[in-house]
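The numbering of the sequence shown is the UniProt record's numbering, which starts it at 1 and goes up by one. All C-beta atoms, glycine included, are put in the ideal place defined by N, C-alpha and C. Owing to the predicted nature of the structure, the values given are computational and were not obtained by experimental measurement. Input: a single structure, listed below in structure tokens.
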Amino acid sequence: MSLDELSRQAMRIHALYDRMNLHERGRTWTREEFMLGFMGDVGDLAKLVMGAEGARTMRGGKAALEHELADCLWSVLVLARLYEIDLEEAFARTMTELEQTITAKLPGENEELPGPGSS
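So this is what it looks like as structure tokens:
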């Protein structure tokens with residue numbers, strides 16, 4: 001599935017949540033409330049990672065970790081759409097900037113790093 005397909009699917013689920021919240025509560029979440037929900041998901045993810053590393057009890061195992069990572073990705077995709085961010089372009093630009101910044105700080109390692117699929 002491409003990033004665009006994931007994003008469209010994420011927005012379909014977001015629209016379903018809006019319909020459900022409107023039906024159950026008479027209103028939809030604001031962007032700020034959505035962000036707070038995302039922060040809660042990140043907190044849940046942190047607990048699961050700690051569990052996977054043996055620092056705490058992990059209920060649900062790998063399936064719970066997969067679910068929470070997917071929840072977090074969903075939130076990022078929705079936020080990008082809500083704020084009209086081309087996530088693919090922003091990601092590529094940011095990774096290039098980070099690679100250049102980090103590589104410049106590594107002594108004697110200014111040669112190009114292998115890309116995805118390189119051996």
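Residue i classed as buried or exposed, judged by whether at least 16 other C-beta atoms fall within 10 angstroms
i: Glu-68; result: buried
i: Met-14; result: This sequence places His at residue 14; Met is not what is there. Label assigned to His-14: buried.
i: Asp-41; result: buried
Assumed close pair residue i, residue j - CB separation to whole angstroms, cut-off 8 Å
i: Met-11; j: Arg-81; result: 6 Å
i: Ser-7; j: Leu-77; result: 5 Å
i: Leu-73; j: Leu-48; result: Actually they do not touch by this definition, with Cβ atoms about 14 Å apart.
i: Asn-21; j: Thr-28; result: 5 Å
i: Glu-88; j: Leu-3; result: 5 Å
i: Met-50; j: Arg-59; result: 12 Å between Cβ atoms; not a contact.
Those runs of the alpha helix (DSSP H) which lie wholly inside the stretch 19-87 and span at least 4 residues
The qualifying runs are 31-52, 61-82.
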